[in-house]
Every structure is written in structure tokens, then in C-alpha cells.
């Protein structure tokens, strides 16, 4: 699991690669901490290279979204695969996030 | 005739009048009958008396005539004896006799032959009326030798004067004959020698006319009999001297006639009632002086009572006409008096036909009819009011009934209708039936399958009808709610008991049996709260052992006990309410447990113990037993057959992990390998990964207290149809299926961070099943293979 945070076009971009399972979740949460400081910036989570997500991963996503929403920022999910989109749909997350 | 009777039945006036006239007729009849009887007796007595008087008078008269004859004869004898030698004066004497007594028929003074020398052998001075004059001649001759005649010989031989029997006197000069009777008296000279005989005759015809002139009744007549019973006098002149009173009794025995003849012969006096020539007659009889004759007056009874009968007939006719008039007027009067009643009856009929506003006739009468009319008017008012009330009540009742029908439909709708059969499932089949005694009932049953477990319950609310049905609905809802989070029957029942007891203000209670059948293993946990013990129909038939717990709703805080048993493949669990054992026939005999056992045993023997068959047989047996009797209680039956066959395991793999989240990648590798083996697609593989990871992480997080070491074993087995993951740990009891599902519709702000894990597991897998076995938590997850091929 690899997590990269970038600042680009006034957006905070997180690029996730590999499996975001329970084991990887703790580390990923730490890595994504910068996304919490999103004052005035929109957050884009790039999932193009993410193979898998468990409920632990979804929980991180939800945490980021709650924080960003409170600060008036948008959270966009980018390049999500169909299989993972199915998981988002199943959990109702598809209604919470905006997709690019 | 029938028409007349029907008319009389229909007409009160005719009936009453008939009764009155009938009684009047009876009274008249009795009174008149008595009067007539008495009067008739009096008339009869009077008739007898008067007839007897007349008879006395007649006989006195006859005797007078006879006496006169005798006296005259005696006088003539004295004259003859004064001048016995002067034959010619005899003519004067004889003539004088008739002159003095014009009613005598003839008189002859006859002498012994050759008594007068100058007169020859015969001398008889014979005088007889000839028209208005008297002819006197010498009567003896060769052709009439009088001294040989009876009348001449009798007084001489008898030595005293006597009356002859009647005989025919032939009068030569006029060539006529006449029936006569003669008084004959011998003439004796001074020496006492008979010198002749004085014969004085009376015409019987005259005598008869004389007597007959006295008739007490128009048709009465007289009879005179001589000594031998010979008729001297009779209306039929042919009988006179030719017949005796006994003649006709020779041909036709007639004791009354014979008795009369004897009585008259013996000179008796009296009266007899007898039949004469076909007519009833009173015969009054009496001897006639010394003549030896007897006189009888015959009075036909009809003559005697003619006047009386006429009177009687007149009176009877008057009475009859009077009664008929009475009947007519009574009918008229009663009809007139009853006419308001008839009008009232007519109006009542109109009212009865439904026209309640019909106006009743106003009657100013104060008698019973007036009272009736008044009461009827009151009744009409009450009727109108009552009908209105009834209409309202009926409308309300109809509304209630409609509500009840709807309630019944709702209640039936609450019950599960889709029963799993062996075509649907390979582990269990089930059938149930509920027949409420009324529209709605207090019995309930429910079942559903969650996480490879069959949750079922059967219950019976105390009482029947609407109150019971409300409790039933609540109970069933509570069962669903409670069992959604709880797989232990005892805890389900405890929770239900708390809720129901808490809201139980009417002291209703529910006998309840709650069972949870673990479908993969056939293990059944159950809790019986005062319900009938179910029957196990498998190897044999026998009751399921049940602890005695009190019914639900009675006492809050009751510790309900849990029981467990193993259900073997093919065994049917037969549950029922007491409506089955206590089903009553017309004579209130109950169906009883023995019959339930018999039916189930027979079904088992015939291999007909599949749920639907068994319930069908039981229903039929109950119907046959109950017959036409009304259903006494709600009747509910439920049969559950466990049919799980041990499937062949085609593939099996096992992984043991310590309870460390960092071991999850190993798990992913294991799942990937298994999924590849069974040929799942990448997408499904990802789902399996997600489900198994979530389940295992759940165990790692919650089954072991933090910091405690332990293992989690994951077994993957597959056969032709499905892939099964079994996750086993030795941690503390933890049932992830008892957790509430996450609400996926909440907004970002409301949505909790956690709680997605078991939700995702349910979404990914076909079934999730938790069992606590031998201090192990066993979580079984299944996924069908078919759909992925």
C-alpha cells in the first residue's frame, strides 16, 4: 500500500496504490493526515491504482469527508474501479462522495 | 263442511254467538224437556181419570138400561101372573113393554106348549118396533118352535133370570135380522111351575150406538165382550159375535191382548197401554154389572196427547225461531262491536308489513278494545323508536363486522404464507395452519430464516377474539423485533416477557414456544413458556422434553430456561396449540393428546410425516371428530422437517491465524487461492476477500480482549453447489449476526464511523450463520457456486 499526497491546482490530492485492507489501514490513515488540513482546498482521492478496500479504508474516507465538509471543502473520488464502486454503492458511500 | 268450519274459525262473532246460542239451547231444552215431561204426565193422568170417569158413566148408563130391562121384565111377569088365563092380554103386555120403553128392541111373552088350550101348541106374544108403530103378533109356529130356543131354556134350566149371549134375531115378517141380547125370565105359577118365559131384547147395534155416542176422544171407540170373550160391540161389525178377543192372538201371539182378554173376562177394572192395529192405545176396561160382559174404551195415545203435542211443537218452533233470531242478532251485534278491532287488526297488518307511520284509528272507547287500541298505539311508537335503534345498531354492527373482516385479513396477512418446501431448500421444509374460532384469534405462529437459522415460534394468547388478537399481533411483532438481534430462544423469551409483562394491564398472557434450529448442524435450541410440548416425529413419536416455565406476560423477571436437542435428518417437529387437543365435538368430548399421537404415529408408519401431509392428516382427523360442532378454540399447527443431507466435500483448505490484524494479507492470499480453485471471477474474489476479512477482523477485535493471544481458524470447504467458510475461535462468546445492520441512508454528519463490517459480510455472502459450540464461536459464511459458473 502506497500513499502519496500532492498539492496541485489548489487541490489536495491523495494517490492511493495497492490494497487498502485492515492491516494497511492504520498506516494509510497516518499518511493521509495532511488531508485534514484542507482549509479552502478541495480534496481529491485518486483511487485509480487502488485494488481493494475494506471497511477500515472506508472509515478513513468517511473521516476525511466529515472533516472536509465541516470546513466547507469538497471531497472528490477519482478513477475508482467498478468493483470498488460496487462496494461504495453497497455501503451507501456513493451518495456521500462526489466522483470525478 | 270444511269451508263452514274454516269460516267459523275465522269469525269470532260467529263463534261467540254460536257458543251463546248453544248454551241457551241447552238450557231451553233442559227446562222445556222437564216441563214437557211433567205436563205430559199430568195430561196422561188427566186422560186416564177422564176416560175412567167416562167409562164409569157409560157403564152406569148401560147398567141403567139393563136394569130398566130387568125391572120392566119383572113388572110384566107380575102383570102376567095377575091374569094368567087371558092369553090375549099378553099381547097388550108385550106391546106395553115396548110402548113404555121405546129403546127396547122387542119383547115376547112365550108360554109352554099347549098352555092355552084354545091357542094351540104355540103361544108367544111378540112385539117389535116397526117404524114408528109397534107390531104385535103371535110368534110361535112350526117353523119357529121357540121353546127349544136358548133364550127360552136358559132361565128355566138355570132357575134364575139371565141375559143370553148375543144372537141373531130373525124377524120373519120383515125378513130382517138383528143382533140382540135378551133378558129372559121364567114365568112361574103359584105352584112354582114354569109356565112361560118373558124375553126382552136389546139391539146390540143400538146399545153400541148409545155407548159409542160417548167418545172421550175423536178416534176412541168402545169394545164390549161377552163372557167367553166374544165381541158384543166393536167398530168392526164383522167381528161382533163371530170373533172373540182371543181370535186374532191365535194367528199372531199377543200377550198384551191375551192379558186384556183375561182381565176383562174376570170382571176386572183397569187401564192398559198396548199396541192395537199398529197404534199405541190406552184401553180402559170395566165389567158391566151382572151381565158378565165387560166394557172397554180404546183411546189412541196420539188422540190423548194431540193437544199436548201441538202445544209442544208450537213451543219448540218458537224456541227454535227465537234461537235463530238470537244467533242472527248476536252475530250482528258482536260484528258491529268488533268492527274497530277488525280495523285495528288491518292497520296492525299494515304496520307489520313495515309501514310504521300508518295512522291508527282514533277510538273514544273506554272498554277493552279502546284499551287495546291505546296500547297498540303505544307499541307502534315504541316499535318505531326500536326500529330506529335497531337500524343504528345494525349499521354499527355491520361496521364492526366489516372492521372484523379487515382485522381478520390483516391478522392472516401477518402470518407467513410462503412455506419452504424441499423444492426450495435442502435443509428444512415447513408447513403451518391457523384456523381462528372467530373472525380474529389469539393463536400465533411465525418463522423465518436468518443466518442459516430457522427462527420459529408458536403461541396461544389467553382468551379469544379481538382482545386476544391484539395481544397476538403485538406478541408476533415483538418476536420479530427481539429475535432480529438475538439467536438464543431463552433470551428472546425473557426479552418478550419483559415487554409484554410491562404493558400487560389486562392480565393477558401468552403460552409460547420459541425454537431456533441451526440448519447446517440440526441443532435446535428452544425455550418453552408454558406451551404444549411439541411432538418429535422421526424414529418414533414422542414429546420434546420441556422445562416448566410460566407463560409470557405473567411475571416480569422470570428466568426462562434454555434447552437444546439434536434434530436428525428426516425428523418432523410437530407444534400445536391446545385448540387441537381440546377440539370439541357436539357432545363436548375432546380430541385429546392420545388421538394426536395416534394420527402422527399412523402418518409416520405410512411415511406421510412431511409437514404438509402431516398437517393435512391432522386437520382431516379433527374435522372428522368435531363433525358439525362449532369450533371451540383457535387451532394452530406447525410442522418443521429437518431434511439436511451431509453433502460431499469436494475441496477443503484451512488457515490458522493469530489474532493480529497484520496477518490480514495472509488471509487475502488464502482467500484468493480458494476463490481461484473454485473458479470465482475477480470481482467475486474481491467480494469474498472483503467478507472474510471483515468477519475475521471482527473476531480479532471483539472475541479476544485486547492484548490476549488467540488463534482464528478459517476453513474453506466446497462441494458442487457452494463454497463455505467457517471461522472458528476460542474467544469469549461473540455473535456478530446479533449486531444491527448499518443504516446506509444517513447523511455524512449523521453517519457513524464504524459498524460497516458485518453489514458488508451479509451483502457479500449468501448466508451467515453463528453458532456457539463447545466453547467455540463458529461463524459460517456461504456462497453459492452455481450463479458464478
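Protein chains in written order, with the numbering used here: chain A, 1 to 100; chain B, 101 to 889.
Glycine included, every Cβ here is placed at the ideal spot set by N, Cα and C.
Range of the contiguous alpha helix (DSSP H) that encloses residue i
i: residue 851 of chain B; result: Run containing residue 851 of chain B: none; DSSP gives neither H nor E here.
i: residue 104 of chain B; result: 102–110
i: residue 227 of chain B; result: Element bounds for residue 227 of chain B: not the alpha helix (DSSP H) but the beta strand (DSSP E), 224–230.
i: residue 82 of chain A; result: 82–91
i: residue 24 of chain A; result: 22–31
i: residue 686 of chain B; result: Element bounds for residue 686 of chain B: n/a, residue is neither H nor E.
i: residue 5 of chain A; result: Note, residue 5 of chain A: premise wrong, no alpha helix (DSSP H); beta strand (DSSP E) at 2–8.
i: residue 196 of chain B; result: 187–200
i: residue 532 of chain B; result: Residue 532 of chain B -> not in any alpha helix (DSSP H); beta strand (DSSP E) instead, spanning 528–535.
i: residue 347 of chain B; result: 347–351
i: residue 360 of chain B; result: 355–365
Residues of its chain near residue i, where Cβ-Cβ distance is below 6 Å and the 5 sequence neighbours each way are ignored
i: residue 155 of chain B; result: 384, 386 and 397
i: residue 189 of chain B; result: 183
i: residue 265 of chain B; result: 326
i: residue 158 of chain B; result: 311 and 314
i: residue 175 of chain B; result: none
i: residue 225 of chain B; result: 190, 191, 194 and 209
i: residue 889 of chain B; result: The predicted model places residue 889 of chain B with a pLDDT of 38, which falls under 50 and marks its position as unreliable, so this point remains unresolved.
Limits of the beta strand (DSSP E) - the one that residue i falls within
i: residue 288 of chain B; result: 276–288
i: residue 51 of chain A; result: 42–53
i: residue 210 of chain B; result: 206–211
i: residue 773 of chain B; result: It is not in any beta strand (DSSP E) - residue 773 of chain B instead sits in the alpha helix (DSSP H) that spans 764–778.
i: residue 618 of chain B; result: 610–618
i: residue 395 of chain B; result: 393–400
i: residue 918 of chain B; result: Residue 918 of chain B is absent from the structure shown; chain B starts at 101 and stops at 889.
i: residue 794 of chain B; result: Run containing residue 794 of chain B: none in the beta strand (DSSP E); it sits in the alpha helix (DSSP H), 782–802.
i: residue 548 of chain B; result: 543–550
i: residue 915 of chain B; result: Here chain B comprises residues numbered 101 to 889, so residue 915 of chain B is not present and cannot be evaluated.
i: residue 893 of chain B; result: The structure shown does not extend to residue 893 of chain B, since chain B spans only 101 to 889, so no value can be given for it.
i: residue 559 of chain B; result: 553–561
Supposed close pair residue i, residue j - CB separation, criterion 8 Å
i: residue 497 of chain B; j: residue 537 of chain B; result: So it is not a contact: roughly 19 Å between Cβ atoms.
i: residue 222 of chain B; j: residue 213 of chain B; result: 7 Å
i: residue 743 of chain B; j: residue 526 of chain B; result: 7 Å
i: residue 471 of chain B; j: residue 460 of chain B; result: Rounded, the Cβ-Cβ distance is 13 Å, inconsistent with contact.
i: residue 844 of chain B; j: residue 92 of chain A; result: 3 Å
i: residue 535 of chain B; j: residue 567 of chain B; result: About 19 Å; that fails the 8 Å criterion.
i: residue 234 of chain B; j: residue 258 of chain B; result: Contact doesn't hold; Cβ gap of about 30 Å is too wide.
i: residue 639 of chain B; j: residue 596 of chain B; result: About 33 Å separates the two Cβ atoms, so there is no contact after all.
i: residue 629 of chain B; j: residue 604 of chain B; result: Residue 629 of chain B to residue 604 of chain B, Cβ: 14 Å. No contact.
i: residue 555 of chain B; j: residue 533 of chain B; result: About 19 Å separates the two Cβ atoms, so there is no contact after all.
i: residue 545 of chain B; j: residue 738 of chain B; result: 5 Å
i: residue 680 of chain B; j: residue 722 of chain B; result: 7 Å
i: residue 393 of chain B; j: residue 381 of chain B; result: So it is not a contact: roughly 20 Å between Cβ atoms.
i: residue 794 of chain B; j: residue 81 of chain A; result: Wrong, their Cβ atoms sit about 19 Å apart, outside the cutoff.
i: residue 333 of chain B; j: residue 304 of chain B; result: 7 Å
Residues of its chain near residue i, where Cβ-Cβ distance is below 7 Å and the 5 sequence neighbours each way are ignored
i: residue 168 of chain B; result: 201
i: residue 41 of chain A; result: 10, 11, 12 and 73
i: residue 791 of chain B; result: 860, 861, 864, 865 and 881
i: residue 817 of chain B; result: 749, 751, 752 and 824
i: residue 594 of chain B; result: 660
i: residue 641 of chain B; result: 635, 697, 700, 701 and 704
i: residue 216 of chain B; result: 187 and 223
i: residue 611 of chain B; result: 559, 560, 629, 630, 631 and 651
Sequence-distant residues of the same chain with beta carbon closer than 8 Å to residue i, five excluded per side
i: residue 59 of chain A; result: 25
i: residue 876 of chain B; result: 828, 829 and 830
i: residue 124 of chain B; result: 423 and 426
- Message: Taking beta-carbon pairs under 8 Å, can you tell me which members of the segment 576–597 of chain B lie near chain A?
- Response: none
- Task: Go through the segment 299–336 of chain B residue by residue and report every complete run of the beta strand (DSSP E) that reaches 3 residues or more, in order.
- Result: 321–325 and 331–333
- Message: By the 7 Å beta-carbon criterion, what residues does the segment 789–818 of chain B contribute toward chain A?
- Response: 789, 790, 793, 794 and 797
- Unbroken stretches of the alpha helix (DSSP H), 4 residues or longer, contained in the segment 692–763 of chain B: 692–705 and 711–726
- Message: List, from N- to C-terminal side, the beta strand (DSSP E) runs of 3 residues or more that fit wholly inside the segment 572–657 of chain B.
- Response: 610–618, 623–629, 635–637 and 641–643
- Sequence ranges, alpha helix (DSSP H) only - wholly within the segment 441–514 of chain B, length at least 4: 468–514
- What residues from the segment 764–781 of chain B come within 7 Å of chain A, judged by C-beta to C-beta, listed N to C? 764, 765 and 768
- Message: Beta carbons nearer than 7 Å to chain B: which residues of the segment 35–64 of chain A have them?
- Response: 52, 54, 55, 58, 59, 62 and 63
- Item | Length-filtered (4 minimum) alpha helix (DSSP H) runs lying within the segment 245–271 of chain B | 250–258
- Message: If the cut-off is 9 Å on Cβ atoms, which residues from the segment 5–30 of chain A count as contacting chain B, listed in chain order?
- Response: 19, 21, 22, 23, 24, 25 and 26
- Taking any Cβ of chain A, which residues in the segment 849–861 of chain B have a Cβ under 8 Å from it, in chain order? 849, 851, 853, 854, 856, 857, 859 and 860
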